Amino acid sequence: MAAMEASGPAVLVDGLHKSFRLPHERVHTLKERMLHPLHRATHENFRALSPLSFEVKEGEFFGIVGRNGSGKSTLLKCLAGIYRADGGQAWIRGRLSTFIELGVGFNMDLAARDNIVINGVMLGLSPREARRHVDEVIAFAGLEQFEDLKVKNYSSGMLVRLGFSVLIHVDADVLLIDEVLAVGDAQFQQKCHDQFTAIRRAGKTVLLVTHDMGAVERYCDRAMLLEQGEMTMLGDPHEVGMHYLQVNFERERHEPIAAPTEPQESARYGDRRAEIMRTWFEDAAGLPASSLAHGQPCALCAEVVFAEDVDDPIFGFNLHSNADHNVLAASSERLDAGEGSGTFRAGEHVTFRVRFDNLLAPGRYEVTPAVARGGAWIDRRERLASVVVTSTHSTDAVVDLPYDVSLERSQNSSEALA
Amino acid sequence: MTALGALVRGPTALGHDPARFARLTWTLAVTQFKLKFYGSALGYIWQLMRPLLLFGVLYVVFSVALNFGEGLEYFEVMLLLGVVLYTFVSEGLGSAVNSIVERENLVRKVEFPRMSIPAAAVLTAIFNLGLNLVVVVIFAIVSGVPLHPEMLLQAPLLLLVLIAFVLGLSLLVSALFVRYRDLKPMTDVFLQVLFYATPILYPLETLPENAREWFMLNPFAVVVQQMRHVAIDPSATSPFDLGAGPQLAVAGAIVVVVCVVGYRVFGRMAPRMAEEL
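Residue numbers (numbering that gives the first Met the number 0), protein chains in the order written: chain A, 0 to 417; chain B, 0 to 276.
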């Protein structure tokens with residue numbers, strides 16, 4: 000190892016591509032084959048991965064992101080040697096370890112101890128190496144009291160911990176990891192986070208396939224975006240993450256808005272002298288959207304039709320978070336500044352729009368539009384529409400306000416440290 | 000290993016590291032065996048009961064009631080030996096057929112030498128055969144069968160031929176089963192036919208003189224019959240005393256062809272097994 004160049008790529012991929020045959024009708028029995036010897040099963044070639052080339056440097060944490068079916072898992076399986084690529088080549092320097100799924104091959108009738116050994120051997124360790132690891136693995140998973148319990152009696156959380164622990168303890172130079180982060184309770188998540196940081200620090204090369212843009216930004220040095228088997232972006236994880244989110248929105252915009260995002264209107268009040276016809280969200284480009292990116296300008300809109308003449312009505316919105324906080328209360332009162340909104344004639348159509356910068360925490364929100372006058376509802380429709388706010392950050396806070404961080408040490412303590 | 004590291008070659012039957020193949024096969028087989036051992040309250044007793052029960056039934060029906068083995072010394076020992084050898088074939092092949100499909104989860108998610116799976120199924124059957132043969136030996140000693148020295152050389156050789164035959168068949172059907180799912184019932188039928196086409200519950204000597212040599216086309220029959228001759232009763236007809244040269248050559252060729260074809264077919268299918276499952 001030492002004789003090798005330290006700066007060379009740990010993973011080199013050159014023109015790797017892969018197609019799958021999708022048979023139109025699957026010949027599943029020899030009998031059918033015998034009865035129709037001339038009948039060649041027709042099939043379609045589905046190109047899962049177009050010729051792809053990239054390098055991952057030694058010690059780099061490399062993210063692979065993309066929608067479902069974009070070919071990222073196929074790429075990982077080709078690199079792992081689970082699929083045979085149709086063409087192109089890939090080189091991997093050092094010991095390789097792959098985690099497509101946690102706890103693959105756990106035998107439910109065996110104790111954790113035996114399973115760890117089998118898993119280790121499966122991943123390429125010798126039985127002796129695998130046995131040496133057992134205690135560490137069990138300690139990391141925090142399962143000391145349960146090591147002789149059959150795995151089938153484990154809770155799902157315990158299984159996940161065991162699987163992740165096995166993953167972490169294989170002594171590999173290059174790790175291929177597919178979507179295994181979002182597991183376990185908070186305490187375990189913290190452990191995993193520490194472990195990932197430790198892996199980074201240990202200078203291991205990691206290729207991580209994930210949907211979690213937060214993880215991409217937190218851990219990755221570089222990231223790659225795959226779309227329909229092609230690499231559309233390679234570079235800074237933050238930019239790739241933003242681009243990925245944007246691509247997703249655009250697609251959603253062109254697809255009809257899925258039914259589940261329309262909430263059931265829970266109640267309607269008012270004398271109906273005016274009616275709220277519909278309400279919707281608009282993104283930065285002013286187009287209707289079912290999801291909004293954090294940090295971008297956006298708008299809340301409602302269309303109102305008047306049935307009678309009304310003087311100085313007030314238009315308003317309440318925006319509720321999933322936890323039922325009222326995170327935004329906006330109304331046209333502010334617009335009027337005491338003068339009133341004017342008189343609206345019967346049959347008049349009005350579009351009421353509230354523009355704001357989206358500083359909401361990621362999550363799902365529901366909006367209640369209302370028209371009122373003199374303290375009485377004209378029309379109020381509870382939770383008429385909903386929207387999902389996406390972000391590369393996640394937060395437990397109600398909103399996600401922009402902030403700067405600074406640390407200033409007092410003179411004394413910095414001297415003491417020096 | 001170049002400066003670029005190792006070229007990723009995709010999955011194969013044996014992998015690129017023979018030691019890894021051997022370790023994995025061994026570990027898988029030992030696990031399987033352990034599970035059978037500890038799997039139920041009576042554990043290994045059940046493993047042993049299967050051939051013994053079959054033996055018991057066959058013995059009562061054919062030997063006691065129908066007098067099949069009349070005039071043959073040690074017929075019951077021969078019957079038990081035959082049943083134990085047949086149990087090995089049916090267990091090995093029977094568990095190998097769907098072994099790849101049963102381990103689908105592994106095949107699709109981990110890179111490892113694919114041949115380990117059917118090989119481990121056969122190896123587990125070999126472990127059982129070993130233990131069952133101990134029972135046969137005890138039974139033979141109790142029945143007063145004298146030790147025939149040439150057996151010590153021939154018996155292991157015969158067992159090796161049998162294992163090669165079973166392994167070859169297992170590789171062939173386990174690989175093809177991924178694509179052709181009716182191979183399981185076909186294998187079951189084959190095993191049934193194999194049982195009756197082999198002089199296990201009837202002695203070869205009860206067959207008409209001119210029919211005996213044709214049974215020697217069946218490699219399993221040759222192994223069983225020679226085993227009887229060399230290990231239990233030298234007066235039992237040896238396949239090599241039948242004047243059935245051509246038939247024996249065919250039986251030998253069958254074993255070789257099964258091994259070669261099984262290995263080749265498995266090798267061809269191994270790289271794409273993960274996608275076809």
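Heads up, the beta-carbon is just placed ideally off N, CA and C, and yes, glycines get one too. No experiment lies behind these values; they were computed from the predicted model shown.
- Of all residues in the segment 160-186 of chain B, the ones placed with a Cβ closer than 9 Å to any Cβ belonging to chain A are 175, 178, 179, 180, 181, 182 and 185, in chain order.
- DSSP places residue 245(B) inside the alpha helix (DSSP H), whose first and last residues are 244-268.
- Rounded to the nearest whole angstrom, the C-alpha separation of residue 409(A) and residue 400(A) is 28 Å.
- The beta carbon of residue 170(A) sits no closer than 8 Å to any beta carbon of chain B.
- With a cutoff of 8 Å on beta-carbon distance, residue 112(B) and residue 13(B) are scored as near each other.
- Cβ neighbours of residue 75(A) within its own chain (closer than 6 Å, five residues either side excluded): 175, 177 and 208.
- Rounded to the nearest angstrom, the Cβ distance from residue 30(A) to residue 181(B) is 6 Å, consistent with a contact under 8 Å.
- For residue 293(A), no pairing in a beta bridge is given by DSSP.
- In this structure, residue 168(A) places its C-beta atom within 8 Å of the C-beta atom of residue 132(A).
- For residue 58(B), the secondary structure class from DSSP, reduced to helix, strand or coil, is helix.
- From the beta-carbon of residue 10(B), the residues of chain A found nearer than 7 Å are 80, 81 and 83.
- The beta carbon of residue 63(A) sits no closer than 8 Å to any beta carbon of chain B.
- Where residue 277(A) is concerned, the enclosing beta strand (DSSP E) starts and stops at 273-281.
- DSSP lists no beta-bridge partner residue for residue 35(A).
- Contact between residue 80(A) and residue 110(B) is confirmed by a C-beta separation of about 4 Å, below the 8 Å threshold.
- For residue 398(A), the number of other beta carbons within 10 angstroms of its own is below 16, and it is reported as exposed.
- The beta-carbon of residue 4(B) is placed less than 8 Å from the nearest beta-carbon of chain A.
- Under the DSSP assignment, residue 108(B) falls in the alpha helix (DSSP H) whose first and last residues are 103-108.
- Within the segment 276-295 of chain A, no residue has a Cβ lying closer than 8 Å to any Cβ of chain B.
- For the segment 116-132 of chain A, residues whose beta-carbon sits nearer than 8 Å to a beta-carbon of chain B comprise 116, 117, 120, 121, 122, 123, 125 and 126.
- Considering only 198(A), 287(A), 394(A) and 230(A), the residue with the shortest C-alpha distance to residue 13(A) is 230(A).
- The segment 243-254 of chain B and the segment 85-97 of chain B do not touch, with fewer than 3 CB-CB distances between them shorter than 8 Å.
- Residue 32(A) and residue 200(B) have their alpha carbons spaced roughly 37 Å apart.
- In terms of Cβ geometry, residue 6(B) and residue 88(A) form a close pair [threshold 8 Å].
- Per DSSP, residue 161(A) has no beta-bridge partner at all.
- Contact annotation for residue 106(A) against chain B: 30 and 34 [CB-CB distance below 8 Å, chain order].
- The three-state reading of DSSP puts residue 284(A) in coil, since its state is none of H, G, I, E or B.
- Across the structure, residue 205(B) and residue 24(B) are spaced so that their CA atoms are roughly 42 Å apart.
- DSSP places residue 85(A) in the coil class of the three-state scheme, outside both helix and strand.
- For the options 152(A), 311(A) and 157(A), the alpha carbon positioned closest to that of residue 138(A) is the one of 157(A).
- For residue 71(A), the closest Cβ of chain B is not nearer than 8 Å.
- When C-alpha distances from residue 96(A) are compared across 383(A), 328(A), 206(A) and 45(A), the shortest belongs to 206(A).
- Residue pairing from DSSP places residue 365(A) in a beta bridge opposite 319(A) and 385(A).
- Taking a C-beta distance under 8 Å as the contact criterion, residue 388(A) and residue 293(A) qualify as a contact pair.
- Contact annotation for residue 113(A) against chain B: 30 and 33 [CB-CB distance below 9 Å, chain order].
- Sequence-distant Cβ neighbours of residue 46(A) in its own chain, meaning closer than 6 Å and more than five residues away, are 18 and 228.
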